[in-house]
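Numbering (our numbering), first residue to last: -12 to 364. All C-beta atoms, glycine included, are put in the ideal place defined by N, C-alpha and C.
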C-alpha cells in the first residue's frame, strides 16, 4: 500500500473513528484502525463488535493495500505533525509515514486479523437533514435508562414513517419524544418501521454527522442499521456508521402520554427554571419540590423543605386554566426537561396530583417531555 493524503483529511478521519476504541483489553486488535487504500480514497475503519465506523478521505493512491495499526498512536502522531501532506506506505506489518521533515514507523498487524464490519444490504432507506436529525437525538438521548435491568429502555426508540420520524427515550420516570418531518427521499418505507438503537450508537451518530452539511441516509434491516453521509468529490460515502439494534419490544409509550388535562398553565421558562433551582437547595434526599397551582389566583407556589437544612417558598405569576392542584416532582427531572426547551414560554399540563405532567414549548408542538410526579404519602 502506498498513498499520499492531506494531513487535515487524515486527522479528521482518525478523530472520527477512534472514539469507540481503547475500551477492549481482551481483544487488543479492537484498539486498532483498519487502513485501506482504495480507488482514489483512504478508508479508515474501527469497531467494538457492536458498532462500526468508517471514514473515506480523498487521496492519491499509488498502490492498493491494507494494514491495521493502533489508532491512538497514529492519531496522536498525526495531530502533532505540521506537514500539509502525508505519504503512507505499508510493508508486511509495519506502517511507514513520511513528510518533508520526518519519517516514522509504526508496528501493526495484518489486515486479515481485523474483524469484518458488515455492510447492511437493504432496499429500505430514508433520508433526513443531518443537522436537524442529530439535534432531535440530542433532545431525548439523556433520558434513556442507565441500567440493563430492562435493556429495551437503555436505547433510543425510533419510528420511521414515509413522511416523518419520531425519536423517543424513557427511563420510566420521565419520557421525551421528538417528531421530525421528512425532508429527503425514501424507499421501501410503506408503513411504520421501528427499532431500538443503543445509546452509545446514538451518541456516535451525533458525533459523526451533526456537522455534516447535507442529508444522511438510514438503511434498515431487522438486526442492524447503517447510516451514511456523502460528498460530491467521491463515489464512496464520506462516513458510515453500522450498529446492532437492541432486541425486544419497546413499551407502548404513547399510552403514558395524557390526551386530556385538568390543569394547564403557561409560564416563563427562565423564571420557572430559576425558582426550581432555588427550591432544589432545600429539597433534601428525596429531591422533592412542591408546586401549588391556583388558576383562579393566577400564580404557583414553589416550595421545598428539609429537616436538616430548612425550607423555602416562592411565588410566580402564571396564565392558567382548570383545577387547583398540588403536585410534587423530582427537581432534577424537572430541570433536565426544562433545559431542553428553549422558548421564552413553556406549557405545563397536569391531571391531578398523581398523574404525569407534560412539559412543552408554547410555540413548538414537535417536542414533549413527560414527567412522573412524586406521589403524596
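As the crow flies, the alpha-carbon of residue 336 is around 7 Å from that of residue 346.
With 16 or more other Cβ atoms inside 10 Å of its own Cβ, residue 360 counts as buried. Within the DSSP secondary-structure output, residue 144 pairs in a beta bridge with 155, 183. Residue ranges of uninterrupted beta strand (DSSP E) with 3 or more members, entirely inside the segment 84 to 124 and ordered along the chain, are 90 to 94, 112 to 116. Here residue 255 carries a strand assignment [DSSP, helix/strand/coil]. Residues of the same chain with a CB within less than 8 Å of the CB of residue 100, apart from the 5 flanking positions on each side, are 16, 55 in chain order. Taken through DSSP and simplified to helix, strand or coil, residue 224 comes out as strand. Exclusion of the five residues before and after residue 98 leaves 21, 53, 54, 55 as the residues of its chain whose Cβ lies within less than 7 Å of its Cβ. Annotation: residue -7 to residue 88 spans about 15 Å, alpha carbon to alpha carbon.
In the DSSP assignment, residue 61 falls within the unbroken alpha helix (DSSP H) covering 58 to 67.
Distance between residue 324 and residue 28, taken at the CA atoms: about 44 Å.
In this structure, residue -2 keeps its C-beta atom at 9 Å or more from the C-beta atom of residue 41.
Between the alpha carbons of residue 5 and residue 264 lies a gap of roughly 38 Å. Burial is judged here by how many other beta carbons sit within 10 angstroms of a residue's own beta carbon; residue 137 has fewer than 16 and is exposed.
Boundaries for residue 326: no beta strand (DSSP E) harbours it, while the alpha helix (DSSP H) harbouring it runs 318 to 326, taken from the DSSP string.
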